[in-house]
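Inspection log for the structure reproduced underneath, given as structure tokens.
There are 2 protein chains.
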Amino acid sequence: MAATRRTYEIVLSNIETDLRSGAIKPGDQLPGERALAQTYGISRASVREAVRILDAMGVVRTSSGSGPNSGAIVVSNPAAGLSSAFRYHVATRHLPVRDIVETRILLETWVGRAAAQQERDGAELDGVRGLLAAMDDPGLDQEIFHVLDAQFHVAVASLAGNAVIETIMVSLSQSIRGYVNEAVDKVVDWEEIAVTLRHQHHGILDAISDHDPDAAEVRLREHIEWFYHRTLSPDPGTPAFPEK
Amino acid sequence: MAATRRTYEIVLSNIETDLRSGAIKPGDQLPGERALAQTYGISRASVREAVRILDAMGVVRTSSGSGPNSGAIVVSNPAAGLSSAFRYHVATRHLPVRDIVETRILLETWVGRAAAQQERDGAELDGVRGLLAAMDDPGLDQEIFHVLDAQFHVAVASLAGNAVIETIMVSLSQSIRGYVNEAVDKVVDWEEIAVTLRHQHHGILDAISDHDPDAAEVRLREHIEWFYHRTLSPDPGTPAFPEK
DNA sequence: GATGACGTGTGGTCAGACCATAGTAGCCCC
DNA sequence: GGGGCTACTATGGTCTGACCACACGTCATC
């Protein structure tokens, strides 16, 4: 059975080939399901199964209606597919949360070092500073805080200039989002934690701004490890999330 | 439209919840499509779309027939889902091959250092040595060489003991497999390249065996960079693969 | 020019039919 | 009792057709 090619794979491999050759690219509208079914001589249901997979992988987004924004539009959203995959496999315990955090530390510290070593004009960090300023609002809703926090890490990652590492970082962060939210809901001293996080963020951005890669690395490592121990690993003996 | 929950997502979220809670785990057989459709009060087609996604993510594998091995069986194959996602997004040029190689270098050197620092009994590297011995066969088919090469890297990664990094490494490697194969088919001095690769592999394993993380890191970096320059980047001006 | 109605093509979902596959149970023979 | 064969059943895989909601574009009317 594994050796038999599924019908929907015809669509998948053709679309991958077209993406690769540049015949279709992000922003383009694919032919409709009925048209693709006719083109490949298969049923519309098989086309739909292929499109479902592409949708889950972040390659297309679909919407009904008519006009140029309808149907399957090619997009570039790798973090969608990757974070889903990570999430399922965390749930199966095949990818332990502890390993995810360790991987995040590796990637984030690399990103911090790289960002600290980049030449840049003074205005380039203004967007990041704006994020930190928004996060410094003491009355900020906890959920918004986390959204901004994620945006801060993405912004730092994009400074480093490696799209793959940025994507993996985002995906890993999103894959444990649910567990983190649950853990944060249980802590009694969220305000105290937020104060420390804000302080750590500023330290990280200062290190990058000051072109100090060693400080950036140390501070990012401390930041992630500290938050991990305060939330996902409060007690070494009582994991609140899938562990092997 | 994005705010409206798709019917198949009911199945997806329920299965993720069950995985997370341990109610189902790898090896288990899911209820049949018709049974799931009845359970959730939806059509079988919607169930199929959910199962397609899980299949693509490496969470289930499906086969027809009857008995305990039929239907959708839960598996743990994260590299399947991740490498597909990477591959599509390399094809869209959103994830440049150059960034993938840089990420591989970061992960492989980390793995090499970690493996070199692990305590182990002498027999633990025998499997890896066996791989290198197999690769040293001068008459080895090129395709088999690459299979063994990939196994070598996986074996080194598993020595380091981080399942997430190992999975990402495998996925990244697989995502550019096609481009590498095409590039290798074009080189005229494959035998010369293979001799160098064999030499590099032995050096890497020696460094790990000798508990020398610095040497392991240096040799892994050289190994990947050298191969990249000899194959995927022969001429800086003529990329043979999607680049931005 | 603005608004509303209509038509068309889109994806989303459902139901049903049929096929190939893989196991299991039952029956028959040695 | 064991082995082989057949029939049955449940499985996924694929196809067909129907219907719905949606979004746009066109045309007619004010």
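Line order of the protein sequences matches chains B and W.
Counted the way numbering that gives the first Met the number 0 counts, the first sequence spans residues 0 to 243.
Counted the way numbering that gives the first Met the number 0 counts, the second sequence spans residues 0 to 243.
Think of the CB as a built atom: it goes at the ideal place given N, C-alpha and C, for glycine as much as any other residue.
Check: Under 8 Å between the Cβ atoms of Ala159/B and Ala113/B?; Outcome: yes
Check: Do Glu142/B and Val153/B have their beta-carbon atoms positioned less than 8 Å apart in this structure?; Outcome: no
Check: Quick check on the DSSP output: the alpha helix (DSSP H) that includes Val73/B runs from which residue to which?; Outcome: Where Val73/B is concerned, there is no enclosing alpha helix (DSSP H), although the beta strand (DSSP E) it sits in stretches over Gly70 to Val73.
Check: Which of helix, strand or coil does DSSP assign to Gln28/B?; Outcome: strand
Check: Mapping the DSSP letters down to three states, classify Arg33/B as helix, strand or coil.; Outcome: helix
Check: Is it true that the region 88 to 105 of chain B meets the region 181 to 194 of chain B, where meeting means three or more beta-carbon pairs spaced less than 8 Å apart?; Outcome: no
Check: With 8 Å as the threshold, decide whether the Cβ of Pro95/B is near any Cβ in chain W.; Outcome: yes
Check: Quick one: is Ile9/W near chain B, going by C-beta distance under 8 Å?; Outcome: no
Check: When you check each C-beta in the region 151 to 171 of chain B against every C-beta of chain W, which residues fall closer than 8 Å?; Outcome: Asn161, Ala162, Val163, Ile164, Thr166, Ile167 and Leu171
Check: Distance, Cα to Cα, Asn13/B vs Thr230/B?; Outcome: 45 Å
Check: Taking all protein chains shown into account, do 16 or more other C-beta atoms lie within 10 angstroms of the C-beta of Ala118/B, making it buried, or fewer, making it exposed?; Outcome: Reading the sequence as shown, one finds Glu at residue 118/B and not Ala. Glu118/B is exposed by the Cβ-count criterion.
Check: Rounded to whole angstroms, what's the CA-CA distance from Gln199/B to Val217/B? Just pull it up for me.; Outcome: 11 Å
Check: Just to confirm my understanding: we take Pro67/B, look at its own chain, exclude 5 residues before and 5 after, and list those with CB closer than 7 Å. What are they?; Outcome: Gln28
Check: Check the Cβ-Cβ distances between Gly31/W and every residue of chain B, and say whether any is below 8 Å.; Outcome: no
Check: What does Ser82/B pair with, by DSSP beta-bridge criteria?; Outcome: Partner(s): none; Ser82/B has no beta bridge.
Check: Compare the beta carbon distance of Tyr39/W and Val10/W with 8 Å and say whether it is the shorter of the two.; Outcome: yes
Check: Establish whether the CB of Tyr87/B and some CB of chain W are separated by less than 8 Å.; Outcome: yes
Check: How would you call Ala162/W, buried or exposed, if buried means at least 16 neighbouring beta carbons within 10 angstroms?; Outcome: buried
Check: With a threshold of 8 Å between beta-carbons, can Arg252/B be considered close to chain W, or not?; Outcome: As displayed, chain B neither begins before 0 nor continues past 243, which places residue 252/B out of reach and without an answer.
Check: Is His210/W near Ala122/W, with beta carbons less than 8 Å apart?; Outcome: no
Check: Give the straight-line distance between the Cα atoms of Val100/B and Arg86/W, rounded to the nearest whole angstrom.; Outcome: 24 Å
Check: Along the chain, where does the alpha helix (DSSP H) containing Val110/B start, and where does it finish?; Outcome: Val96 to Ala115
Check: Could you name the residues of the same chain whose beta carbon sits closer than 7 Å to that of Val59/W, not counting the 5 residues immediately before and after it, in chain order?; Outcome: Leu29, Val50, Leu53, Ala71, Ile72, Val73 and Val74
Check: Along chain W, which residues have their Cβ under 8 Å away from the Cβ of Asp98/B?; Outcome: Asn161, Ala162, Val163 and Ile164
Check: Rounded to whole angstroms, what is the Cα-Cα separation between Gly138/W and Glu8/B?; Outcome: 35 Å
Check: Once DSSP output is grouped into helix, strand and coil, what is the label at Ser232/B?; Outcome: coil
Check: Can you give me the C-alpha to C-alpha distance between Trp189/B and Ile223/B, rounded to a whole angstrom?; Outcome: 16 Å
Check: Looking at the secondary structure, which residues open and close the beta strand (DSSP E) in which Thr61/W lies?; Outcome: Val59 to Ser62
Check: Using the rule of at least 16 other Cβ atoms within 10 Å of the residue's Cβ for burial, across every protein chain shown, is Val96/W buried or exposed?; Outcome: buried
Check: Hey, would you say Ala44/W sits closer than 8 Å to Gly80/W, going by beta carbons?; Outcome: no
Check: What residue range is occupied by the uninterrupted alpha helix (DSSP H) comprising Ala149/B?; Outcome: Gln141 to Ala159
Check: Take the Cβ of Arg19/W as the centre, count every other Cβ of all protein chains shown within 10 Å, and call the residue buried at 16 or more, exposed below.; Outcome: buried
Check: I'd like the list of long-range same chain contacts for Asp140/B, defined as Cβ closer than 7 Å, with 5 residues on each side in sequence excluded.; Outcome: none
Check: Using beta carbons (cut-off 8 Å, strictly below), is Ala212/B in contact with chain W?; Outcome: Strictly speaking, residue 212/B in this sequence is Pro, with Ala absent from that position. It does not; no Cβ of chain W falls within 8 Å.
Check: To the nearest angstrom, how far is the alpha carbon of Val194/W from that of Asp125/W?; Outcome: 21 Å
Check: Using the Cα positions of Ile203/B and Arg220/W, report the straight-line distance between them to the nearest angstrom.; Outcome: 28 Å
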